[in-house]
Each structure stands twice: as structure tokens, then as C-alpha cells.
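Data first, discussion second: the structure below is written as C-alpha cells.
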Amino acid sequence: MQTSPDRHEYPAHWEADVVLRDGGTARVRPITVDDAERLVSFYEQVSDESKYYRFFAPYPRLSAKDVHRFTHHDFVDRVGLAATVGGEFIATVRYDRIGADGTPASAPADEAEVAFLVQDAHQGRGVASALLEHIAAVARERGIRRFAAEVLPANTKMIKVFTDAGYTQKRSFEDGVVRLEFDLEPTDRSLAVQYAREHRAEARSVQRLLAPGSVAVIGAGRSPDGVGRSVLGNIRDAGFTGRLHAVNKALPEGQKELDGVPAHRSVRDIDGPVDLAVVAVPAEHVPEVVAECGEHGVQGLVVVSAGYAESGPEGRERQRALVRQARTYGMRIIGPNAFGIINTSPRVRLNASLAPEVPRPGRIGLFAQSGAIGIALLSRLHRRGGGVTGVTGVSTFVSSGNRADVSGNDVLQYWYEDPDTDVVLMYLESIGNPRKFTRLARRTAAAKPLVVVQGARHGAAPQGHAVRATRLPHATVSALLRQAGVIRVDTITELVDAGLLLARQPLPAGPRVAILGNSESLGLLTYDACLAEGLRPHPPQDLTTAASAADFHAALSRALADDRCDAVVVTAIPAVGEGSVGDAALAEALRSAAAAAPAKPVLVVHVELGGLAEALSAAASTAPQPEADKPPLPAPDPASAAARPPAEAPEGAHLIPAYPAAERAVRALGQAFAYAQWRRDAADPGKVPEYEDVDEKGAAALIDGLLARGQGLTLDTDATCDLLGHYGIDVHRALPAPTADAAADAARALGYPVALKATAPHLRHRADLGGVRLDLADEEQLRRSYAELTELFGAPDELRPVVQRMAPRGVDVVVRAVIDPAAGAVLSFGLAGAASQLLGDTAHRLIPVTDREAGTLVRSIRTAPLLFGWRGSAPADTRALEELLLRVSRLVDDHPEVVAVTLEPVVVASHGLSVLGASVRLAPPPARDDLGPRTLPAY
């Protein structure tokens, strides 16, 4: 690497893998003296026109002086980065720091000239845009705040790279050259551009895996029961529309076919491109296979082979090497230890998995990190009988295994705009990048439902998963996901239940639920379940066990026509006796009634009615519902309907999900209602208010001065009050009282009445232990209380007593903010004491918090009624409380050095509030990978 004359060691942290616009990958790294030959080879492959655009003159070859200049950098004032594929350069970028006169300079000069060169064969892949993000991040790290670039007017592609980046810029034209100057500080627009490019690139990389034109199964052995042979048969039997090849180096010479599929001893022997390779060879042979695939131009890999990070430290290192090797060739990986992928689109029909049957085509996207759970989910969605019955189709399925490369975030990028996917179901055992997942989930949930169940909630992530550490409990993570619009469920049964409803029915407009059926008891159970889920059920309508299909049709039609009803739950039990309604007749009656009012969801709760569930779901599609203006179908004749077998519903039919228990149906409905409410709220998220009394610059200066004392510190009382005061947060000062005389002096300074508190860790905020005396009206009461405390709990140096001015009576709450290394800045709120500490009744929001989110934060805890006049008490000033939450949010958002804030207790009175205790911790700001250049995670 770099030699001794260089001023800085090789900056390995600048190395990164990036996804390009076409879905391929490239490696970005600093250029060193060892790259001379690579640079010359790269330059020879650049066209004369591109060389002219770079140097403004014919420049057929690099001189030795040029090569030395472009490979010797100090990594401070002169930096060069290269994008590489297969170890060879495909593009370069460099900056040189300059002074005000445009000549080479050193710090404190904060401007640099930047220039790019991209190999013609790789132009249009977004390489320059990715390099610009990385060189800008490097420059900011080295104290450079502005780039300048001179470009020929005809070089429109490079001008577009700069102008589209989203930075604040100036443009001028002089001496036949366009000069661009732009600040490197990220802006809202530059971040939006970066996220949009990230989305296009990652979505395209997944699309290349899920819709390949040709597939090779490597490791398709002679044993028909082997993994590779099974995958080969599954792809063939699914009717894959592209070209399929079997590869096994142990094939006998001359064998050209295996199970009717063209067979080869190596990928290199395949005539034509291979888009996807399914790797099913022992782990020790995978590197050789990856090298062959990379050299043949394979675009992506599904590695079903085991023996990686799930097997221990040695396997973990083997997994890292696999990812590094694949990315060297620009390939992405699903796996290792993956179950496989499925695409049911008639244009693809790919079953590159271990699932022996392809799920029916539909509109549900399914992601599972676990192969076993993936099998269970596919089975439940596929079968017609048992559990939640019926046919619900899948658009695409991905089982990521150890998710060493492609993760749930990548697949979300793809599903967001996938026209074949309406609902996303995900089973996650770990979240590698919670910040990014939350951002993508919020965007996806605004367009289509996203349902998530998380395994390993109360323990470590599976061995195969490398994840960022988080200090947040699972309940907090769940709350943050719900804030992002994720429908959080606890089991895969609930995952399927919610998926069935969301794929088949519209979202409810409100919480009002009509209940009708032929069982009074089942109706009452449904009624109780609705109340438990926070819905507003109407009294159940009992149609009696003698109800006919026409009776069900009429009752459902009336309920759906009622403006006071937002959803309908139909309960049905088997009827016994002559003339009882048949499954097919009842299903047809319900479907025809629901089709007349497609804007309202309908669910069925059935008891041992497999035939009804199957009849209700008699279609293989979850396509959009019919238009609302279509005329209603007449009520069917029970006799004629019962004589017919259940027929396949036409494409687009209004399919009704059926559930074997009232609780499951209503829980799914409650989740759909909460999601619908989130969608409505997300349309108007509110704003982050500005406060005229906030002194951001003053707070920054104070923080800088305090941090100069050390790397991390908890502020003392005076510094805490000063910092919070810059943001309009007034803390009631507590004066130390090491003696009774000191307590009396403090009380006189503050003014009676006062409170006397013990602040020792075991007594702090524990009024129930007797360590607090309130409403002390004079010195006599104060001295008597002081004596009582010392007699009960020990000497003053153990108690650490303080005196504080009394605040108006109210409701005690606690406000906290913390920066978690994985999830980011989180604001938390709850009632002080047992409600939050014992019962965990705390609500959370990601910072920055809007005014609307602050209002919902206050109202989202279970004990919120205590703030709103519960049982005749005076309502608390929730407006003042919301403002306090917004000020704390603003403080932490403005100053990432503030890594923890606790306000406890905060007494919220009828008018105003009092902050009686506060603590603040400062530390150097943690790294924000979500604000840096696009990179693939280095698992």
C-alpha cells in the first residue's frame, strides 16, 4: 500500500461496495502506488473522446509523470478513488485541494478541484454518481467544504452528474469551459437524490435475481435426492420461461443432458450468458464456483450451501470471504444457507428453491430469513383446508438464509414499485440496519401494507446474522416500527391472518363493525373480541340456525349499505337438518352481497366449515376489487347453488377471507383499521415547529466547551440547566442541603413552600419509600423533616438531600431521549413511577418529532386518561407537555452530541408544567451511516 513519504496511512475505512444503476456492484477504494499498472490498463480502454473530455486536449496515453501523480496521494490534500470490478479499474475520481488563487494548497483551505474518468463500457451505470458521493464524503472528512469542476460544454453526461447531485451550486462559463462550484454539505435535495438512486439500484439488483433470462444450477449431482438435483427439478417442473442449465464437474465426459436439461461440467462451458446461478456444492468448493461464475459474467447467486456463519467463527469468516469474492465480480448473493427464491409471474415462472410445489400466482410478496418458516408460510398460504383456509397467491418469495448480502431492505426496495405485489409479508429474525429499514418501511407502507413478525425477540440474533448492537428493548423497536406504518404481529399465524385480509379486502374507513350470523354465542364472542381490539361493534344480529343463504345475503347487504358500518364480520356454524344451507350456496350469497359494496371489508368466522372456507376462497387471484358502480348480484337460490360444486371465482372477484376463530378474524381487522388510520395520518404528518427562544448557536458553543474536557460526560446540575435553558426548558433548581442549616438557607433563597428530597440512587424518584417531604411551609417543618430523613435513612452524605421550590400539583411524567447506535435518536414518554417502570407503559417516537406526532405520543400510553381528567380530576396541560416533547426532540436533533436526556419528574399541572429533575449526557456524535454515501453493508 502507500509508502512512507505519505502523510497519512492508507484509509481502509474509505473502502466500500456499492450497487450501481443496473443492479451490478462495484468496489470503491483509494488509489495507491500499487495501482500503476491497473491505471495504465484502464486508461488504454478509455476512448479518445472521453480522454479529450477529461484533459481538454488529445491525450492518447499517460506519461510516467502522470502515472506517478495519479497514484501518489497523501489522502488529505490529494485523494484518488477508483471503482473496480474483478479487481480492474472501471472509473476514477480525484480531488486536489486548492487555495483562493486556484493553486495547490493545504488546510485550512477548504476548496478542491474534482475530476472524473469513466471507462466507456461502463458509462450509464451510475458509476460517476456513486464516486461523487464517496469523494464528497472523503473531502468533508478532510475539512473540504466545496468542490470546483471545469467541464467542456459538450461533456453533457458529466455536467449532468454534477447538476443532478442535489448540492447547492453555482455555474459559470468562461474561456469555453463550464465551471461548476458546489457546497458539499448534504441538503434535503441531495439526500433525496441519493435515496432515489439507492432505490433504483437496489431494486434493479433484486429484479435481476428474481427475473433472470437464464439459470444454471451448479451442484446438480447424480443423486436424485440431492439438494442441487432437487432445485433443478423444481425449476424445470415450474415451467421456467428462460434457459436452464445443469452444472456438475463430476459429470461423465460426453454427457450432455441431466433430467432433460442441458448439462455441463463447468459454467464456462455454457454457450451464452447466465444471469443467475444456484450454488449447491459443499462450502469448501464454493470459492471455485464463484470464480467461474464471475469470469463468465453471471449477475447473481443463490447460495443454498450451508457451513457458513451459522456454523461458528470459522464459517463466519468463510461467509465474509464469499461476499468479498462475489462483489469483486459485481455479483449479489442471496444466502448462503438460503432456501431459495420463487417468482410466479407467467413471464418468469421461477422456482429456484427447495419447495417442491410452486405457490399459486397472486399479489403477496413473501420474505423469510428462515427456510423452515418460509416453508410454513408457503404451506399455509397454499393449502385450502385447516387453519386459515383458502387460496391466497404469492407474487414473489425470497428466503435469504444468513442474508450475508441481499437483505429485507433490498427486497423492500424491489416490492415498493413492483406492480405485481400489493401486500408484503416479512418474517425477520434480525434487522441489520434499523435506520434504513424504518425509512424504507415508512415509504412502502404509504403505498401498500407491510406486515412483519420478528423472531428472536428476546435473545440474540441467529449465528448467521451479523447485526448492529442496539440498547433498545424489543417493545421499543416494535413501537418504532409501528410509527413507520409497519403492521407488527407476534406469530406467523397472525402474519397469514393479516395477509389474507389485506390481500383480499379494502381497508376499513373506521372502527364501526357490524356482526351477523347464525350463532348468537359466536356473535357475542366476536363482539367481545372487537371491544378488546379497540373497535366499536354494533350489537350482533342473530339470523338463527334456520337462516338460509338468501337470509345471509339480505342481512349482509343491509349491513354494507348502512352508513354507520365500516366493516362486517359474518359468523357461521354448521347447520344440521333438512333444508340447511350448503357451503357453496352460502359462499355465493356472501360473495354476491360483498361485490355490491366493494369499499367495505367483509370477514367470515366459521366453525369447522372447511367447505365454506374453500368456497369463499375459490380463486387463485388476489387481484384488485371490482368497481363500486357495478350492479349487485341477486341473492342465489339455495337449492340450485347447493347442487353445484364450488367454482373458480373470476379474475378480480371480491374474495372473502375465512377464519376458524373470532379472535383471529377480529385481530386481523383491528390491525387493518390501525394501518388505515396510519395511512390517513401519514398524509398529513405535521411539522417540526420553530421556537423563537431556541438558541441553537449558544447551545453548540456550550456543548463544544464541555466536550473539550473529555470524550463523554454526564453534565452537572448547572451545566444541565444552562444547556436546557438554551432550548426554552426551565428546570427547577435543586440546592444541595448537606446540613439542616444549609437546607434552611436554601429554602430562604428559593422561597417557601419547598420540598426536601433524598437524591441517593436507591431513593431517587422513590417517594413511596419516604425519601421525599412536600409542602414544607416554614423553617420549623423543614428542620423537623430533615431530622426525620436522617434518622430513617442515615447520614446526610448517604442521603444527598436537596431542597427545591414546590411546583403546582399535577401528573408526574418522565421524558427521555437517547441516541441508539442502531435505531438512531428516540424520544420516549410515560407516566413517572410504576406505570413506566413496572408496567412498561411507555411510548416512543423517532426524532425529529412533528407536532402531530407529539400529540399522538402523549395519547398513546395506556395511562393517558390520567392526563385528560380521569374520574373527575382536573385535566393536565397537555399542550405544554407536547411543547416540552418537541423542544427535547429539537435539542437532540440539532446536536447529535447530546446522546441522552432524562427529565424526571415533570409535573404537568392544569396550567403549565414544572421540570423538577434533569440529566444530560454528552459524547462525540455517533456515526450516521444513513447520511453518508451509498454503501453495501460489510457483513
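If you read the sequence shown in our numbering, its first letter stands for residue 95, the second for the next number, and so on. Beta carbons: idealized from backbone N, C-alpha and C, even for Gly. As the structure is a computational prediction, the values presented were derived from the model and not from experiment.
Compare the Cα-Cα distances from residue i to each of the options and report the closest residue.
{"i": "G1082", "options": "V905, L304 and S1013", "result": "Limits of the chain in this structure are 95 at one end and 1033 at the other, which puts residue 1082 out of reach."}
{"i": "F210", "options": "A224, V943 and A201", "result": "A224"}
{"i": "H102", "options": "V590, D584, V993 and D168", "result": "D168"}
{"i": "V398", "options": "E389, P376 and E382", "result": "P376"}
{"i": "A592", "options": "I458, L893, V300 and L304", "result": "I458"}
{"i": "V396", "options": "S494, R533, P440 and L1007", "result": "S494"}
{"i": "A1003", "options": "S266, D971, A854 and V1009", "result": "D971"}
{"i": "S983", "options": "A948, V1000 and P959", "result": "A948"}
{"i": "V943", "options": "V920, D935, A813 and A926", "result": "V920"}
{"i": "N342", "options": "R330, E382 and N496", "result": "E382"}
{"i": "A228", "options": "R454, D258 and L278", "result": "One point to set straight first is that residue 228 is His, not Ala, in the sequence displayed. For H228, the nearest C-alpha among the options comes from L278."}
Leaving out five residues before and five after residue i in sequence, what residues of the same chain have Cβ atoms less than 8 angstroms from its Cβ?
{"i": "G845", "result": "R899"}
{"i": "L809", "result": "L800, L817, S1013, V1014, R1015 and L1016"}
{"i": "S135", "result": "E182 and F183"}
{"i": "R981", "result": "Y785, V788, Y821, G822 and I823"}
Could you tell me if residue i is buried or exposed, where buried requires 16 or more neighbouring beta carbons within 10 angstroms of its beta carbon?
{"i": "H820", "result": "buried"}
{"i": "Y785", "result": "exposed"}
{"i": "R60", "result": "Residue coverage of the chain in this structure runs from 95 to 1033, which leaves residue 60 outside it and unanswerable."}
{"i": "K530", "result": "buried"}
{"i": "L886", "result": "exposed"}
{"i": "G429", "result": "buried"}
{"i": "V112", "result": "buried"}
{"i": "G479", "result": "Reliability fails at G479, whose pLDDT of 34 lies under 50, so the model's placement of it is uncertain and no value is given."}
{"i": "E742", "result": "At E742, the pLDDT of 41 sits below 50, so the modelled position is not reliable and the matter cannot be decided from this model."}
{"i": "L883", "result": "buried"}
{"i": "G388", "result": "buried"}
{"i": "L863", "result": "exposed"}
{"i": "R362", "result": "exposed"}
{"i": "Q1036", "result": "With the chain represented from 95 up to 1033, any question about residue 1036 goes unanswered, as that position is not in the structure."}
{"i": "R1028", "result": "buried"}
To which residues of the same chain is residue i closer than 7 angstroms at the C-beta, ignoring the five residues directly before and after it?
{"i": "L114", "result": "A120, R219, G220, V221, A224 and A295"}
{"i": "R302", "result": "G117, D369, Q393 and G394"}
{"i": "I667", "result": "N612, S613, L616 and V701"}
{"i": "S930", "result": "V908, G924 and T936"}
On the DSSP bridge assignment, give the partners of residue i in chain order.
{"i": "V1000", "result": "V907 and V1009"}
{"i": "M520", "result": "F461 and V546"}
{"i": "Q635", "result": "L610"}
{"i": "A917", "result": "Looking at the DSSP assignment, A917 forms no beta bridge with any residue, so it has no partner."}
{"i": "Q263", "result": "F276"}
{"i": "N445", "result": "I436"}
{"i": "T119", "result": "V113"}
{"i": "D190", "result": "R172 and E207"}
{"i": "A340", "result": "V311 and A357"}
{"i": "E244", "result": "R273"}
{"i": "Q898", "result": "A828 and A849"}
{"i": "H938", "result": "S922"}
Considering only their Cβ atoms, is the gap separating residue j from residue i smaller than 8 angstroms?
{"i": "L619", "j": "P751", "result": "no"}
{"i": "V995", "j": "R878", "result": "no"}
{"i": "T665", "j": "L596", "result": "no"}
{"i": "L246", "j": "F150", "result": "yes"}
{"i": "V782", "j": "G822", "result": "no"}
{"i": "S299", "j": "G174", "result": "no"}
{"i": "A766", "j": "L601", "result": "yes"}
{"i": "L460", "j": "F491", "result": "yes"}
{"i": "I427", "j": "V500", "result": "yes"}
{"i": "A314", "j": "G322", "result": "yes"}
{"i": "A641", "j": "A691", "result": "no"}
{"i": "P631", "j": "V662", "result": "no"}
{"i": "L829", "j": "A843", "result": "yes"}
Between which residues of its own chain and residue i is the CB-CB distance below 6 angstroms, once the five residues before and five after are set aside?
{"i": "A937", "result": "F923, L951, S954 and I955"}
{"i": "A841", "result": "V848, L876 and V897"}
{"i": "K851", "result": "V866 and V896"}
{"i": "L868", "result": "A849"}
{"i": "A756", "result": "L619, T620, A623 and V699"}
{"i": "P695", "result": "Q599, P600, P602 and A661"}
{"i": "V271", "result": "E244"}
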